[in-house]
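Structure, as structure tokens:
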Amino acid sequence: MSFKQARKLLDIIFIAEMVFALLGLALQDTFLKTPIFIVVVGLLFSLFYVSATYLKCPHCDSGIDPRLSRQATHCPFCGEKLE
Ligand SMILES: [Zn+2]
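Under the numbering used here, the first residue of the sequence shown carries the number 473, and numbering increases by one thereafter.
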């Protein structure tokens with residue numbers, strides 16, 4: 473997976489995470505609470521997994537801070553273009 477694909481995937485996971493978290497809050501006292509909680513925790517783990525595994529420079533392999541990755545066009549370590 474390329475850096476750009478990883479960033480896109482992280483956006484999708486993050487939005488899904490928010491949707492399920494809000495859903496969990498809205499449906500607090502129903503039988504759906506537990507499965508939603510499991511999904512939210514699972515999404516959280518995949519968020520960490522994808523950013524730790526794929527969010528890195530394709531040239532020097534340095535990990536890019538997920539908070540910086542949205543604006544970053546070049547690697548802060550080696551200066552190469554991120555794509
Ligand atoms: Zn680099």
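Using N, Cα and C, we set each Cβ at its ideal position, and we do this for glycine too.
Excluding its 5 nearest sequence neighbours in each direction, LEU495 has C-beta neighbours in its own chain below 7 Å: ILE508, listed in chain order. Listed as beta-bridge partners of GLY535 by DSSP are LYS528.
Annotation for MET490: the continuous alpha helix (DSSP H) segment containing it runs 475-498. In this structure, HIS531 has its CB closer than 6 Å to one or more heavy atoms of ligand 1. Here the alpha carbon of GLU489 sits roughly 9 Å from the alpha carbon of LEU519.
A contact is defined here as three or more CB-CB pairs under 8 Å, and the segment 514-533 meets this definition with respect to the segment 474-489.
For LEU515, the closest alpha carbon among the candidates SER534, PRO548 and ASP483 is that of ASP483.
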